[in-house]
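In the numbering used here, the protein residues as written are 915 to 1509. Ideal placement from N, C-alpha and C gives every residue a C-beta, glycine not left out.
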């Protein structure tokens, strides 16, 4: 249990003690500043501690936002300050100095918690202050001010504000108007019954897997059930985040589950559609794999662009200014959000088409829609990059290098070659083009030669920091090259099982790349070097698949792809799970990522 220490003169009729207890605090009262310092020191070191002015008037949800959010070591709101275990030492030092300056006698007329917050700011400590909006949090100085504050509390519906704040401030049209108006109430229902966001996330995954299994039956009834269950899974997917925001149940494990399960659900559903089509005599595995490749490359474009620019200096451009201006016109906001086919619109389209048409038509529509969305977003980002004068940081360059996923072969090329072939993006594009031509040449060993050239250019592309205007395109190029190689060679094998095996391999490698993204987002750095070396890097895997395709028969190549998929999946999953359940894993939340 957390400890809340009331400071200042108690006010008759105040509900502050009951409010704090309802939030899970053990409430103690300090007679003076010295007593407050003593109580803080005596509180168990593994617990949260809060200092709250006894005269505080405000909404319970304001206290919840300020005192119970697990993401911040130090947090404050008017009349209250709190510290988690990793912020306790900082709070204790500030309290000791303040107590020493005040002589340790009776509490001053002004608020001790507010003076502590000022002392923390003077020390340079980062103190989180939640956005309260219409919620009230105040320390009235006299009876008249107290009555006015109490009236302000009565004028605002605390629960309505809490429900509204549970929904993302920025989301897609379908999610905003088709899901969130009722999913927030499901989130509240879950909170009142003690369910956790992780349990809802797991239920969403199970529902999506059942949907994939229904699609795999290949029957019209199965397709209809699959569409309905996919929407149900998306409702739960929205609910888990709303539940986390409603009850402030944030966790590192929950962040990781939410970040990875969306991809796992969608790609598992693609596989279910392909299996269902095969039962009806229609082989759409190439379309399913193509859809996964396209969607994953779209995400890598998003991640790379954001990592390259989020901390850049002088980061302005006429294109960005025009985009911001369009966002100020109501209807253009929704049109622009819908045409990029975010997850809500995309899953709704897939669900309707699954129920009403065939898997082949569903994949055709998905590929066309995602291709248009990818072209639109990438073109806009290229224009922004060319028109801005951003100076990118070393951190951004390192993030792009980590996203590139160069393995030991490319690293050897970087160290061993002295000649520089040119700008990183041009070198990467040239290597990718050579690889693409070799794949369609019709010559058995041409893809091996192309993969060797690609490996050399991959090493050359990272010979200097990726700080150029368009260098953020290097990681997406590498993803398209590797995934495309697996897709093309599996399709050319023209044997049953090759494309499903390729689907599994690309899925395992894509998980590794998503895992890299979320580690970088949490400022935890890239996966360990040994894992990248063991997985071979993108150029090593590309070359290996090309060699296997040239050396083996079609049936043997299928077996090799299957073995490789299992090996990569086990390698990256074991390390990923070990990292994300460890104490040092970061919390990552996709508050602004609707795709």
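Practice task
Specify, as a first and last residue, the run of the alpha helix (DSSP H) that residue 923 falls within.
Solution key: Numbered from its first residue, the chain shown carries residue 923 at position 9. That residue, residue 923, is in no alpha helix (DSSP H); it is neither H nor E in DSSP.
Practice task
Answer yes if the stretch 1462 to 1473 comes into contact with the stretch 1344 to 1364, meaning at least three C-beta pairs across the two stretches below 8 angstroms, and no otherwise.
Solution key: yes
Exercise for the section: If I'm right that residue 1204 touches residue 1401 with Cβ under 8 angstroms, what's the distance once you round it to whole angstroms? Expected result: Residue numbering aside, residue 1204 sits at position 290 when the chain shown is read from its first letter. Residue numbering aside, residue 1401 sits at position 487 when the chain shown is read from its first letter. Yes, residue 1204 and residue 1401 are in contact; Cβ-Cβ is about 6 angstroms, under 8 angstroms.
Problem - Cβ-Cβ distance between residue 1136 and residue 1191 below 8 angstroms - result: Position 222 of the chain shown, counted from the first residue, corresponds to residue 1136. Position 277 of the chain shown, counted from the first residue, corresponds to residue 1191. Between residue 1136 and residue 1191, the C-beta gap is not smaller than 8 angstroms, which leaves the two residues out of contact.
Exercise for the section: Could you have a look at residue 1416 and say whether DSSP puts it in helix, strand or coil? Expected result: Here residue 1416 is taken as the residue at index 502 of the chain shown, counted from 1. Of the three classes helix, strand and coil, the one that applies to residue 1416 here is helix, per DSSP.
Handout entry: Any C-beta of chain C under 8 angstroms from that of residue 1267
Key = The structure shown contains no chain C, having only a single protein chain.
Handout entry: Selection from 1004, 967, 926, 927 that minimises the alpha carbon distance to residue 942
Key = Stepping through the chain shown from its first residue, residue 942 is reached at position 28. The shortest Cα separation from residue 942 among 1004, 967, 926, 927 belongs to 967.
Practice task
Take the Cβ of residue 1293 as the centre, count every other Cβ of all protein chains shown within 10 Å, and call the residue buried at 16 or more, exposed below.
Solution key: Against the chain shown, residue 1293 aligns to sequence position 379. Exposed: under 16 other Cβ atoms inside 10 Å.
Practice task
Starting from the C-beta of residue 1100, find all residues in its chain whose C-beta is less than 6 angstroms away, skip the five residues before and the five after it, and write them out in chain order.
Solution key: Here residue 1100 is taken as the residue at index 186 of the chain shown, counted from 1. Here the set comprises 1153.
Exercise for the section: Using only alpha-carbon positions, find the residue among 1317, 1387, 1389, 1398 that is nearest to residue 1351. Expected result: As a working mapping, residue 1351 is identified with position 437 in the chain shown. The shortest C-alpha separation from residue 1351 is found at 1398.
Problem - Rounded C-alpha distance that separates residue 1037 from residue 949 - result: Numbered from 1 along the chain shown, position 123 holds the residue referred to as residue 1037. Numbered from 1 along the chain shown, position 35 holds the residue referred to as residue 949. Going by the C-alpha atoms only, they are around 23 angstroms apart.
Problem - residue 1009 versus residue 1003 - alpha carbon distance - result: Here residue 1009 refers to the residue found at position 95 of the chain shown. Here residue 1003 refers to the residue found at position 89 of the chain shown. Roughly 10 angstroms between the two C-alpha positions.
Problem - Opposing strand residues paired with residue 965 [DSSP bridges] - result: Here residue 965 refers to the residue found at position 51 when the chain shown is read from its first residue. Paired residues: 919, 995.
Problem - Buried or exposed by the 16-neighbour rule on C-beta atoms within 10 Å, applied to residue 1323 - result: Position 409 of the chain shown, counted from the first residue, corresponds to residue 1323. Buried, because 16 or more other Cβ atoms sit within 10 Å of the Cβ of residue 1323.
Practice task
Provide the residue span of the beta strand (DSSP E) that contains residue 1495, from first to last.
Solution key: As a first step, residue 1495 is located in the chain shown; it is residue number 581 there, counting from the start. Unbroken run through residue 1495: none, as it is neither H nor E.
Problem - Stretch pair the stretch 1373 to 1381 + the stretch 1407 to 1415: three plus CB contacts closer than 8 angstroms - result: no
Handout entry: As assigned by DSSP and simplified to three states, the class of residue 1175
Key = Position 261 of the chain shown, counted from the start, is the residue given in the question as residue 1175. Under the three-state reduction of DSSP output, residue 1175 falls in the helix class.
Handout entry: Bridge partner(s) assigned by DSSP for residue 939
Key = Residue mapping note: residue 939 aligns to position 25 of the chain shown, counting from 1. According to DSSP, residue 939 bridges with 916.
Practice task
Would you kindly check if the distance between the Cβ of residue 1334 and the Cβ of residue 1377 is under 8 angstroms?
Solution key: By 1-based counting over the chain shown, the position of residue 1377 is 463. By 1-based counting over the chain shown, the position of residue 1334 is 420. Taking 8 angstroms as the Cβ cut-off, residue 1377 and residue 1334 qualify as a contacting pair.
Practice task
Indicate whether the contact test is met: 3 or more Cβ pairs, each with one atom in the stretch 1212 to 1221 and one in the stretch 1158 to 1171, closer than 8 angstroms.
Solution key: no
Practice task
Give me the Cα-Cα distance between residue 1533 and residue 1170, rounded to the nearest whole angstrom.
Solution key: Lying before the first or after the last residue shown, residue 1533 is absent from the chain, which here runs from 915 to 1509.
Exercise for the section: Report buried or exposed for residue 1287, applying the criterion of at least 16 other Cβ atoms within 10 angstroms of its Cβ. Expected result: Translated into positions along the chain shown, residue 1287 becomes position 373. The residue is buried, with at least 16 neighbouring Cβ atoms inside 10 Å.
Problem - Cβ pair residue 921, residue 939 closer than 8 angstroms - result: On the chain shown, position 7 is the one that residue 921 refers to. On the chain shown, position 25 is the one that residue 939 refers to. No.
Handout entry: For residue 1101, three-class secondary structure by DSSP
Key = Counting from 1 along the chain shown, the entry for residue 1101 is found at position 187. Reduced to three states, the DSSP call for residue 1101 is helix.
Exercise for the section: State the beta-bridge partners of residue 1051 as determined by DSSP. Expected result: Position 137 of the chain shown holds residue 1051. Paired residues: 972.
Practice task
Under 7 angstroms Cβ to Cβ from residue 1454, same chain only, skipping five residues before and after it: list those, please.
Solution key: Within the chain shown, residue 1454 is the residue found at index 540, counting from 1. 1321, 1322, 1323.
Exercise for the section: Compare the Cα-Cα distances from residue 1110 to each of 1083, 1159, 1488 and report the closest residue. Expected result: Translated into positions along the chain shown, residue 1110 becomes position 196. Closest by alpha carbon: 1159.
Exercise for the section: In the DSSP assignment, find the alpha helix (DSSP H) that holds residue 1084 and state where it starts and stops. Expected result: Taking the first residue of the chain shown as 1, we reach residue 1084 at position 170. For residue 1084, there is no enclosing alpha helix (DSSP H), as DSSP gives it neither H nor E.
Handout entry: Proximity below 8 angstroms, CB of residue 964 to CB of residue 991
Key = For the purposes of this step, residue 964 is taken as the residue at position 50 of the chain shown. For the purposes of this step, residue 991 is taken as the residue at position 77 of the chain shown. The answer is no: Cβ separation not under 8 angstroms.
Handout entry: Test item: CB-CB of residue 1512 and residue 1200 under 8 angstroms
Key = A query on residue 1512 cannot be resolved here, the shown segment of the chain reaching from 915 to 1509 and no further.
Problem - Nearest-angstrom beta carbon gap, residue 1264 and residue 1144 [assumed within contact, 8 angstroms] - result: Here residue 1144 refers to the residue found at position 230 when the chain shown is read from its first residue. Here residue 1264 refers to the residue found at position 350 when the chain shown is read from its first residue. So it is a contact: roughly 7 angstroms between Cβ atoms.
Practice task
Over the uninterrupted alpha helix (DSSP H) stretch that includes residue 1397, give me the two end residues.
Solution key: Here residue 1397 corresponds to residue number 483 of the chain shown, with the count starting at 1. 1388 to 1407 is the extent of the alpha helix (DSSP H) around residue 1397.
Handout entry: Inter-stretch contact at 8 angstroms, needing at least 3 Cβ pairs: the stretch 986 to 1000 / the stretch 1043 to 1053
Key = Touching, yes.
Exercise for the section: Give every residue of the same chain whose Cβ lies closer than 8 angstroms to the Cβ of residue 1291, excluding the five residues on either side of it in the sequence, and list them in chain order. Expected result: Within the chain shown, the letter at position 377 stands for residue 1291. Counting only Cβ-Cβ distances below 8 angstroms, and skipping sequence neighbours, we find 1212, 1215, 1216, 1254.
Exercise for the section: Could you check the C-alpha separation between residue 928 and residue 971 for me, to the nearest Å? Expected result: Taking the chain shown and counting its residues from 1, the one referred to as residue 928 is at position 14. Taking the chain shown and counting its residues from 1, the one referred to as residue 971 is at position 57. Their backbone Cα atoms lie some 8 angstroms apart in a straight line.
Problem - Proximity to residue 1007 [Cα-Cα], best of 1025, 1028, 951 - result: In the chain shown, residue 1007 corresponds to position 93, counting from 1. Closest by alpha carbon: 951.
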